[in-house]
Every structure is written in structure tokens, then in C-alpha cells.
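166 is the number that our numbering gives the last residue of the sequence shown; the numbers go up by one with no jumps.
Every residue, glycine too, gets a C-beta built ideally from N, C-alpha and C.
To start, the structure itself, in C-alpha cells.
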Amino acid sequence: MTVSVALTTVSTVPPSQPQPPAPAALSISSGWRWPLTGEPKIVEPFDKPAENWLPGHRGVDLGASEGDKVFAPQRGKVTFASRVVDRPVLVIDHGNGFKTSIEPVIAEAKVGDWVQAGAHVGNVGTGAHCSARCIHWGVRLNGEYIDPVLLIRDLRPSILLPLNQ
């Protein structure tokens, strides 16, 4: 199954809610941002399996240390902030079928909170395969996992076109 992604900035935050400014270090024109300060090192890339039941890596691991600040990668509503087995997990519903999950994150944002892109939502915790070395960032579009890096970077190859003179 192939999933196409159209990048648009979606406003899901009610107009009555104040819109906190995003930290300058996280400004990205598409509205999507890294969930960490700056551009983090990709420790383990996305690896979608050929079939949903096969093993793979349904997200990207970003280098981080315990206690590092975690930011909302896009505006949305916090729908989950609790433990799953051995790790704290944060889920944000961004609307238009996009949902982010980040782990291990000790959430400061609470379920039901509306967060702006770049808002501080928690700190890196411990647990699971990322314990003390990274966060795992997963993004689902209409229930299918997609590579979160595609929301930040244009990974298509550059094509040089001839100049017309």
C-alpha cells in the first residue's frame, strides 16, 4: 500500500485559545517541526514493513537525552498522555487524519489540551528501545504509519534544469 502525503498547515486550535509563539529554533515553513530543539540526529530511520503484520520500524528515533525538552511537532489536541507497558507516551491528534506519538515522554501537556506547533509538551523520559538515548516519533495518516521526516524535509532528489538564455 502506498500512502501519499499532501503537506498543508491545518488549524485545529480553536480561535478562542491563545496561540503561543513557537521557539525560533523550531520554525519550519510547512508548520511541522522536529519534536526536539534544532535538527536532531536520526538514530534509527523509518522502516515500513511490506505488510502491516511484519516487523519494521514505524517511526523514527531521534537522538535525545533524558530530561531534554520535547515540543509539539504540529498544532493539535493531546489525546493520550500516560504509560504503555514500560514507557510514557504522548499522542497528539493534529486533524486531517494526522496523529503523532512520541515516546518515552514525561508529558506536561494533559489530555484535552490544545497545543501549538513548537509548544513545550514534556521531557524525554526512559523506557522501551529508546531509553536514555532517543525518542521514538511516529506519525499516522488515516491509521497508516508514514515517515515523519517527510513532514520536515523534502527528500526528493534535486534535479538540475538547463538555463534558457
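Asked	Found
Applying the 10 Å Cβ sphere with the 16-neighbour rule, what's the burial state of Asp62?	buried
For Ala120 and Lys49, what's the separation of their Cα atoms in angstroms?	28 Å
In angstroms, rounded to a whole number, what distance separates the CA positions of Pro56 and Pro149?	18 Å
With a cut-off of 8 Å, do at least 3 Cβ pairs link the region 76-95 to the region 39-46?	no
Nearest-angstrom Cα distance between His137 and His95?	18 Å
In angstroms, rounded to a whole number, what distance separates the CA positions of Ala23 and Arg34?	Interpretation of Ala23 is limited by its pLDDT of 35, a score under 50 that renders its predicted location unreliable; the figure taken from the coordinates is listed afterwards. Distance between the alpha carbons of Ala23 and Arg34 is about 10 Å.
I'd like the list of long-range same chain contacts for Val116, defined as Cβ closer than 7 Å, with 5 residues on each side in sequence excluded.	Ala73, Arg76, Gly77, Val79, Ile93, Ala110, Val122
Excluding the 5 residues flanking Ile107 on each side, which residues of the same chain have their C-beta closer than 7 Å to its C-beta?	Pro89, Gly123, Asn124, Gly126
Indicate the three-state DSSP secondary structure (helix, strand or coil) for Ala65 in the structure shown.	coil
Go ahead and label Gly32 buried or exposed: buried means 16 or more other beta carbons lie within 10 angstroms of its beta carbon, across all protein chains shown.	buried
Using DSSP's beta-bridge definition, name the partner residues of Thr101.	Ile93, Val140
Are Thr101 and Asp69 close, meaning C-beta to C-beta below 9 Å?	no
Identify, in the order they occur along the chain, each residue of the same chain with its Cβ nearer than 6 Å to the Cβ of Leu36, setting aside the five sequence neighbours on each side.	Reading off the sequence, residue 36 comes out as Pro, not Leu. Within the same chain, Pro36 has close Cβ partners Val71, Phe72, Pro74, Ile103, Trp138.
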